[in-house]
Amino acid sequence: MKLFSRSLLTLGLSLLICSKAAFAVQAQPVPIPEDPSVSPQINISGVGLGTVGYDKNGEVQSGKGNVNFSDSALQIGGAQKLYEGGGVGSFGMGWLTIDESNKGTTSPFFLHQAFLDYQDEKYEALVGRSDNLNAHLVDFPTLRGDDLITLTNPLNPFSNGKNVEEHRYANVAAFTLNQNLKYFENIHAQHLINSADPNADTGLNSFGVTFQYLGAPGLESFERLPSWGFGYERINVNSKSSSGVNQAILGGIVNLNESVVNRLELGLQNIYTWGSDLRSFSTITDTFEADSNAVAASIRYLHTPFGRPAYQVSLTTGYKNYSKVSDANSYGVALTGVKRLGHGFDVVAQYQGQWRTSTLSTAQSQGLGYEQRAEIGFAFNFDATFNEHIALRRTLLNQQHHYISD
Numbered sequence: 341m342k343l344f345s346r347s348l349l350t351l352g353l354s355l356l357i358c359s360k361a362a363f364a365v366q367a368q369p370v371p372i373p374e375d376p377s378v379s380p381q382i383n384i385s386g387v388g389l390g391t392v393g394y395d396k397n398g399e400v401q402s403g404k405g406n407v408n409f410s411d412s413a414l415q416i417g418g419a420q421k422l423y424e425g426g427g428v429g430s431f432g433m434g435w436l437t438i439d440e441s442n443k444g445t446t447s448p449f450f451l452h453q454a455f456l457d458y459q460d461e462k463y464e465a466l467v468g469r470s471d472n473l474n475a476h477l478v479d480f481p482t483l484r485g486d487d488l489i490t491l492t493n494p495l496n497p498f499s500n501g502k503n504v505e506e507h508r509y510a511n512v513a514a515f516t517l518n519q520n521l522k523y524f525e526n527i528h529a530q531h532l533i534n535s536a537d538p539n540a541d542t543g544l545n546s547f548g549v550t551f552q553y554l555g556a557p558g559l560e561s562f563e564r565l566p567s568w569g570f571g572y573e574r575i576n577v578n579s580k581s582s583s584g585v586n587q588a589i590l591g592g593i594v595n596l597n598e599s600v601v602n603r604l605e606l607g608l609q610n611i612y613t614w615g616s617d618l619r620s621f622s623t624i625t626d627t628f629e630a631d632s633n634a635v636a637a638s639i640r641y642l643h644t645p646f647g648r649p650a651y652q653v654s655l656t657t658g659y660k661n662y663s664k665v666s667d668a669n670s671y672g673v674a675l676t677g678v679k680r681l682g683h684g685f686d687v688v689a690q691y692q693g694q695w696r697t698s699t700l701s702t703a704q705s706q707g708l709g710y711e712q713r714a715e716i717g718f719a720f721n722f723d724a725t726f727n728e729h730i731a732l733r734r735t736l737l738n739q740q741h742h743y744i745s746d
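Each residue of the sequence shown is one higher than the last, beginning at 341 in this note's numbering.
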């Protein structure tokens with residue numbers, strides 16, 4: 341009997357100890373597991389541009405030969421389908437070489453893309469560093485995206501002029517609606533990069549809206565007006581000469597010859613800036629803020645015979661007038677040729693020149709009235725997608741300047 345009682349007591353204690361131990365190591369809540377069979381779509385794209393030529397500008401007024409690899413870019417990104425509604429979430433990041441990269445004395449790269457993007461069938465939301473929303477209503481067929489930029493691009497009145505990419509890219513929060521993936525309405529807020537003030541904050545300083553029509557991808561050659569649009573931007577400058585600058589932009593592409601083999605197109609754009617009371621230029625930044633009107637036009641001939649390499653010849657021109665500053669006008673021209681040698685690989689050549697009257701040249705080009713550049717070289721663009729299962733409207737490569745489309 342004593343043996344039986346002792347065994348029963350031992351069993352009871354063992355059960356009590358085991359139950360306490362089990363309570364002490366109770367499993368923690370498990371996070372929602374990811375489906376290992378659904379990997380994100382990965383995209384890597386790049387644009388390489390290298391030329392050798394002759395350059396005469398405000399910094400080198402006697403003229404000098406050089407090697408130029410600016411406007412080359414490398415971009416990476418990922419995208420994934422979302423659980424409900426057919427939406428897609430994506431991320432992109434990219435680095436761009438700038439004019440200062442050629443000197444090798446400063447940081448060689450500029451972070452021009454770092455965005456998160458959500459897109460659904462009828463709308464899209466983007467937050468991060470990306471393209472200035474009004475900078476791409478018309479992409480002129482120059483060799484680099486920043487060629488003749490003071491004539492072809494809305495300007496950033498906070499830039500100190502050392503990095504022209506500050507006119508093309510900004511910190512952006514944007515929301516876009518679309519109808520049938522043809523008509524796009526966009527509302528956005530931006531932080532335009534403020535390099536003119538080293539103590540500047542990163543607050544929002546620009547607000548705007550755009551409307552754009554885009555023809556069906558791949559069928560642009562068969563539409564008389566494959567793309568056109570307009571936009572308005574309000575920039576809170578808060579300087580002594582202005583409490584705000586307004587920019588209105590209107591532009592589009594007209595097909596003069598609707599053909600796949602021999603495409604001839606005309607690009608037109610007008611940028612009107614008002615709201616500043618500046619009547620003279622003390623710095624280059626003043627030239628980005630002052631009231632002005634800029635008109636640009638291009639004509640591009642693209643020959644793409646079936647089964648043979650394509651080539652492209654284009655002429656881009658621009659004129660700008662400052663309404664409240666006397667003797668402040670500018671004219672520019674760029675003649676560009678591109679010949680396709682292989683898939684994505686081109687031989688390129690361009691001559692560009694820009695005239696400025698005395699008041700404007702003193703502020704923008706250290707008194708040199710006529711800047712010019714002649715160059716020849718190669719361009720290469722590629723776009724590689726891994727684990728492809730999503731058709732994105734915003735691809736990494738179409739964030740960058742194009743030459744001959746594949």
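Even glycine gets a Cβ: it sits at the ideal position worked out from N, Cα and C.
Counting Cβ pairs closer than 8 Å, one from the segment 613-628 and one from the segment 486-503, do we hit at least three? yes
Specify the secondary structure class of residue 471 as computed by DSSP and reduced to three states. Shown here, residue 471 sits in a strand according to DSSP, grouped into three states.
For residue 565, does the count of other Cβ atoms within 10 angstroms reach 16, so buried, or fall short, so exposed? exposed
What residues are listed by DSSP as bridge partners for residue 724? Paired residue(s): 384.
Ordered along the chain, which non-local residues of its own chain (more than five positions away) have a Cβ less than 8 Å from that of residue 505? 436, 438, 450, 452 and 486
Under a three-way DSSP split, which group does residue 440 fall into? helix
For residue 644, which residues in the same chain have their Cβ closer than 7 Å to its Cβ, ignoring the five residues on either side in sequence? Within the same chain, Cβ atoms closer than 7 Å to the Cβ of residue 644 are found at 600, 601 and 650, the five residues on either side in sequence being excluded.
Integer Cβ distance of residue 652 from residue 613, believed to fall under 8 Å: That belief does not hold up - the Cβ atoms of residue 652 and residue 613 are roughly 31 Å apart, past 8 Å.
Helix, strand or coil for residue 489, going by three-state DSSP, please let me know. helix
Run through the segment 542-570 for me and flag every whole beta strand (DSSP E) of 3 or more residues, listed as ranges in chain order. 546-554
Does the Cβ of residue 494 have 16 or more other Cβ atoms within 10 Å, making it buried, or fewer, making it exposed? The residue is buried, with at least 16 neighbouring Cβ atoms inside 10 Å.
Between which two residues does the alpha helix (DSSP H) carrying residue 589 extend? Per DSSP, residue 589 belongs to no alpha helix (DSSP H); it is in the beta strand (DSSP E), 585-597.
heavy atom of the ligand SAM below 7 Å from residue 652 C-beta: No copy of the ligand SAM appears in this structure; indeed no ligand is present at all.
Distance, Cα to Cα, residue 515 vs residue 421? Cα to Cα, residue 515 sits roughly 19 Å from residue 421.
DSSP three-state call for residue 700: helix, strand or coil? Looking at residue 700 - three-state DSSP - the assignment turns out to be helix.
For residue 504, the three-state DSSP class (helix, strand or coil): helix
Suppose you measure from the CA of residue 717 to the CA of residue 442; what does that come to, to the nearest Å? In a straight line, the C-alpha of residue 717 is about 15 Å away from that of residue 442.
Decide if residue 407 is buried, meaning its Cβ has at least 16 other Cβ atoms within 10 Å, or exposed. A residue is called buried once 16 or more other Cβ atoms fall within 10 Å of its Cβ, and residue 407, having fewer, is exposed.
Spatial neighbours of residue 463 in its chain, beta-carbon cut-off 8 Å, leaving aside the 5 residues before and after: 515, 516, 517 and 518
List the residues that DSSP assigns as beta-bridge partners of residue 679. 651 and 687
Beta-carbon contacts of residue 706 that lie in its chain and below 6 Å, excluding the five residues immediately before and after: Taken in chain order, the residues that qualify are 398.
Rounded to whole angstroms, what's the CA-CA distance from residue 712 to residue 403? Just pull it up for me. Distance between the alpha carbons of residue 712 and residue 403: 9 Å.
In or out: residue 719 buried (at least 16 other Cβ within 10 Å) or exposed? buried
CB residue 690 to CB residue 668, shorter than 8 Å? no
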